[in-house]
Amino acid sequence: MKRRTTARRIVRFAVPGILLAFVTSIAVSKAQTAAPAAKPTKKPVASVTVAPPPQPVALRMKFQDFVKDPKRLDALKKAVSVMKSRSTAVNTTADYRRSWEYWSAMHGFYGPKAKAGLLQDAIDDAPASKKKFFNGLRDLTYPPTPVGLAAKVWDKCQHGTLQFLTWHRLFIYYFEKTLQASAGDPSLHLPYWDYTDPAQVQLPAQFAQPTLPGGAPNPLYDVRRRSQTVKLDPNATNIDNLLKKASYNSFGPELEQQPHGYAHCTVGPDCPYPLMGDVPVAGTDPIFWLHHANIDRIFECWLKLGGTVPASLKTIPYSFVDGTGTLVTKTYATLPTDYAYDHVTNCGRKATPKFTPKVEGLEAVTSLAQVQSFQINGVRSAAKLPKLKAGSATPEALTTSGTELVLSDITLAGPPGVLYNVYLSTTGPNPRKQYVATISFFGVGHHAKHGALSRNVDVTEALNALKGTSAQAPEVEVEFEATDGTEGVKPESLEPVLNKKAGLKVGKIQLQVKK
Ligand SMILES: [Cu+2]
2 MKRRTTARRI
12 VRFAVPGILL
22 AFVTSIAVSK
32 AQTAAPAAKP
42 TKKPVASVTV
52 APPPQPVALR
62 MKFQDFVKDP
72 KRLDALKKAV
82 SVMKSRSTAV
92 NTTADYRRSW
102 EYWSAMHGFY
112 GPKAKAGLLQ
122 DAIDDAPASK
132 KKFFNGLRDL
142 TYPPTPVGLA
152 AKVWDKCQHG
162 TLQFLTWHRL
172 FIYYFEKTLQ
182 ASAGDPSLHL
192 PYWDYTDPAQ
202 VQLPAQFAQP
212 TLPGGAPNPL
222 YDVRRRSQTV
232 KLDPNATNID
242 NLLKKASYNS
252 FGPELEQQPH
262 GYAHCTVGPD
272 CPYPLMGDVP
282 VAGTDPIFWL
292 HHANIDRIFE
302 CWLKLGGTVP
312 ASLKTIPYSF
322 VDGTGTLVTK
332 TYATLPTDYA
342 YDHVTNCGRK
352 ATPKFTPKVE
362 GLEAVTSLAQ
372 VQSFQINGVR
382 SAAKLPKLKA
392 GSATPEALTT
402 SGTELVLSDI
412 TLAGPPGVLY
422 NVYLSTTGPN
432 PRKQYVATIS
442 FFGVGHHAKH
452 GALSRNVDVT
462 EALNALKGTS
472 AQAPEVEVEF
482 EATDGTEGVK
492 PESLEPVLNK
502 KAGLKVGKIQ
512 LQVKK
């Protein structure tokens with residue numbers, strides 16, 4: 002752990018590669034010259050333990066910086082291409098364990114023994130317009146040998162649990178090892194798609210072209226997306242409020258829902274449909290890995306602000322295969338780190354203050370207003386909240402951090418066919434509204450009887466904006482507007498894709514303030 006921290010600190014002060022190499026070489030040469038200079042002792046010791054020289058740390062870069070060196074992009078393409086070509090290898094070989102299909106299966110798969118069940122059942126459940134997105138997929142079975150290996154590593158993605166961030170950190174680490182081995186380039190590190198930057202919300206062009214300039218198929222391309230020019234909504238990818246969350250138990254699930262789940266469903270073509278919108282096959286789209294590298298980077302940003310991982314999560318063993326196709330088992334605490342992200346400070350659009358980590362459940366919460374059992378019907382619904390409670394908490398709630406909108410026990414009987422933007426708005430003449438969140442349904446599944454999602458969004462700034470110069474707390478509504486995830490979509494335009502039988506219900510809508 003200590004070495005990791007030191008290495009990252011070096012990176013923070015010496016981001017340019019040459020300077021970094023220079024600093025590292027100084028560190029190494031100091032270590033080498035320090036040994037002979039040590040005072041001779043009268044009693045010679047049998048062996049001297051010399052600390053290993055610091056490992057050079059390579060960067061996981063923003064994609065737009067990564068591509069500035071065409072060699073890096075070529076290495077990524079080569080790795081993906083080699084891994085994809087191994088998907089047809091005999092399934093008992095090390096090559097198959099280093100294949101694209103095998104790595105996607107670690108996240109999830111379809112097949113007789115899969116959590117997701119059979120591919121055909123999912124196709125049968127899908128509306129006609131979504132069936133083509135299953136093209137090219139197949140049911141998988143566990144390779145018979147090495148005995149038990151695949152059962153240890155397949156179908157293991159953690160969604161909807163507190164292990165979401167820790168498991169995926171290890172998952173992309175060993176994926177990166179496989180990329181490096183496949184490209185024959187140990188300097189290759191996963192770039193990340195930083196859609197939190199409003200200038201980078203569009204699917205990177207390098208993933209959108211079916212063929213390479215020479216005419217060969219582009220390994221980064223896949224036809225099974227909402228579109229090849231899909232643009233995330235910059236409102237939905239703003240992580241400023243997310244980064245304020247001071248406890249892991251509220252940060253992790255919120256990050257998982259948004260931007261993580263939101264981006265899955267928007268690249269989609271929708272949830273739960275392949276590739277990105279469907280957990281069992283999401284890892285089949287090359288953009289999945291750059292998306293998850295970004296989620297892991299946001300996690301790192303939050304750790305740098307003061308966030309901490311609960312001790313109980315640090316020692317859970319997870320199994321993967323390494324770059325040679327050999328089983329490896331590690332925990333969050335024992336994961337070796339030979340990379341760093343290029344940007345892990347000032348990750349929000351506005352400066353985010355450092356915080357003291359908090360343990361969820363120990364903070365006193367005051368309810369300001371609540372509505373029980375609200376049905377989201379059609380493309381627009383609004384839940385009028387009772388007048389915000391008078392009392393000492395209210396003015397404080399609207400001016401300091403810690404006012405939250407909690408949407409708990411969100412349930413649904415089937416996929417809604419849309420996502421929902423959530424706004425806080427004033428009522429009466431000249432209503433004003435503020436965007437606060439997007440609800441999406443990644444991981445809810447094809448046979449969802451019960452979604453059991455919940456959201457907890459910091460709305461301090463939104464409420465302040467609605468309050469304006471008024472001394473009074475405004476009366477507010479919570480509005481739900483259907484969206485396909487992209488910016489500026491008219492909810493009414495989504496009537497044709499809306500599933501009227503989705504039965505989407507929010508068990509409780511509550512505005513609350515933490516003291
Ligand atoms: Cu994901």
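The numbering used here numbers the first residue of the sequence shown as 2 and each following residue consecutively.
Even for Gly, the Cβ is constructed at its ideal location relative to N, Cα and C.
In this text the structure is predicted, and so the values were computed from the model without any measurement.
- Distance from the CA atom of P492 to the CA atom of K72, rounded to whole angstroms, is 44 Å.
- Taking 7 Å as the cut-off, one finds at least one heavy atom of ligand 1 near enough to the beta carbon of A283.
- It is roughly 13 Å from the alpha-carbon of T327 to the alpha-carbon of S100.
- Contact check between the region 206–220 and the region 71–89: three or more CB pairs, one atom from each, fall below 8 Å, which counts as touching.
- CA-CA distance, V419 to Y436, rounds to 17 Å.
- Annotated three-state conformation of I510 is strand, per DSSP.
- The three-state secondary structure of S494, taken from DSSP, is helix.
- Taking a C-beta distance under 8 Å as the contact criterion, T404 and E476 do not qualify as a contact pair.
- Ligand 1 has no heavy atom closer than 7 Å to the beta-carbon of H190.
- By a beta-carbon distance limit of 8 Å, P270 does not contact R298. Their separation comes to about 26 Å.
- E364 counts as exposed, since fewer than 16 other beta carbons sit within 10 angstroms of its beta carbon.
- DSSP, read as helix, strand or coil, puts A115 in coil.
- The beta carbon of H293 sits closer than 7 Å to the beta carbons of H169, I173 from its chain, once the five residues preceding and following it are set aside; these are given in chain order.
- Contact between H344 and K63 holds, with the beta-carbon distance rounding to 7 Å and staying under 8 Å.
- Shortest gap from the CB of H261 to any heavy atom of ligand 1: under 7 Å.
- Setting aside the 5 residues that flank it on each side, V329 is surrounded in the same chain by F321, D323, each with a C-beta closer than 6 Å to its C-beta; the list follows chain order.
- Just measuring C-alpha positions, the residue of Y333, D485, N295 sitting nearest P311 is Y333.
- Contact check between the region 233–243 and the region 131–151: fewer than three CB pairs, one atom from each, fall below 8 Å, which does not count as touching.
- Between Y249 and R61, the gap from beta carbon to beta carbon reaches 8 Å or more.
- Residue burial annotation: D125 is exposed, with fewer than 16 other C-beta atoms found within 10 angstroms of its C-beta.
- Residue state for A206 is assigned as helix, using DSSP reduced to three classes.
- Our two residues, Q229 and K315, have alpha carbons roughly 38 Å apart in a direct line.
- The closest heavy atom of ligand 1 lies 7 Å or more from the beta carbon of H344.
- Boundaries of the beta strand (DSSP E) around N457: 454–459.
- According to the DSSP assignment, T484 belongs to no alpha helix (DSSP H) but to the beta strand (DSSP E) extending over 477–484.
- For A341, the secondary structure class from DSSP, reduced to helix, strand or coil, is strand.
- Straight-line measurement puts the Cα of V423 at about 19 Å from the Cα of S251.
- Following the DSSP letters along the chain, one finds A384 inside the beta strand (DSSP E) bounded by residues 381–385.
- Relative to V372, the option among T338, V507, K157, A76 whose CA is nearest is V507.
- In this structure, K355 lies near G307, with their beta-carbon atoms less than 8 Å apart.
- A200 sits exposed, since fewer than 16 C-beta atoms from the chains shown fall within 10 Å of its C-beta.
- Between G284 and H108, the C-beta spacing is below 8 Å.
- Inclusion of S409 and K246 in the CB contact set at 8 Å is not warranted, their separation being larger than that value.
- Between L425 and L369, the beta carbon gap of about 12 Å keeps them out of contact (Cβ cut-off 8 Å).
- In the displayed model, A264 falls within a helix according to three-state DSSP.
- Taking 8 Å as the cut-off, the beta carbon of D195 is found closer than this to the beta carbon of N295.
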